[in-house]
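Asker: Residue numbering for the sequence shown follows the working numbering, beginning at 1 and increasing consecutively. All C-beta atoms, glycine included, are put in the ideal place defined by N, C-alpha and C. Here the structure is a predicted model, which means the values were calculated and not measured.
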Amino acid sequence: AECADRCALFFRGEIVSAAPPDEFFSENSFYTTAASRITRGYFRNAVTAGKAAELCILNGRKAGKI
1 AECADRCALF FRGEIVSAAP PDEFFSENSF YTTAASRITR GYFRNAVTAG KAAELCILNG
61 RKAGKI
């Protein structure tokens, strides 16, 4: 997710899904990242640990919690 411009899922020799990493991993329930699973329901497109941490910090500041 940090190094790719696009990601794709192959099934039976055909591409069945292709998108930029943020979209691909955040919209996929099974083939996704740990960060996306942890932040699902809280943040969109948090597919890396760094992005999840950044969003937690930013949203905590907005809510007056940090």
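1. Work out the CA separation of Ala46 and Asp22 for me, nearest whole Å.
2. Rounded to the nearest angstrom, what separates Leu58 and Lys51 at their Cα positions?
3. Just how far apart, CA to CA, sit Ala49 and Arg40?
4. Which term fits Ser29, buried or exposed, when burial requires 16 or more other beta carbons within 10 angstroms of its beta carbon?
5. Helix, strand or coil for Glu14 per DSSP?
6. Phe24: buried (16+ other C-beta within 10 angstroms of its C-beta) or exposed?
Answerer: Reading from the atomic positions:
1. Counting from 1 along the sequence shown, the entry for residue 22 is found at position 22. Counting from 1 along the sequence shown, the entry for residue 46 is found at position 46. Using only the alpha carbons, I get a separation of about 7 angstroms.
2. By one-based count along the sequence shown, residue 58 stands at place 58. By one-based count along the sequence shown, residue 51 stands at place 51. So the two alpha carbons sit approximately 10 angstroms from each other.
3. Position 49 of the sequence shown, counting from 1, holds the residue named residue 49. Position 40 of the sequence shown, counting from 1, holds the residue named residue 40. In a straight line, the C-alpha of Ala49 is about 13 angstroms away from that of Arg40.
4. In the sequence shown, counting from the first residue as 1, residue 29 sits at position 29. That one is exposed.
5. Translated into the one-based positions of the sequence shown, residue 14 becomes position 14. If DSSP states are grouped into helix, strand and coil, Glu14 belongs with the strands.
6. Stepping through the sequence shown from its first residue, residue 24 is reached at position 24. Phe24 should be labelled buried.
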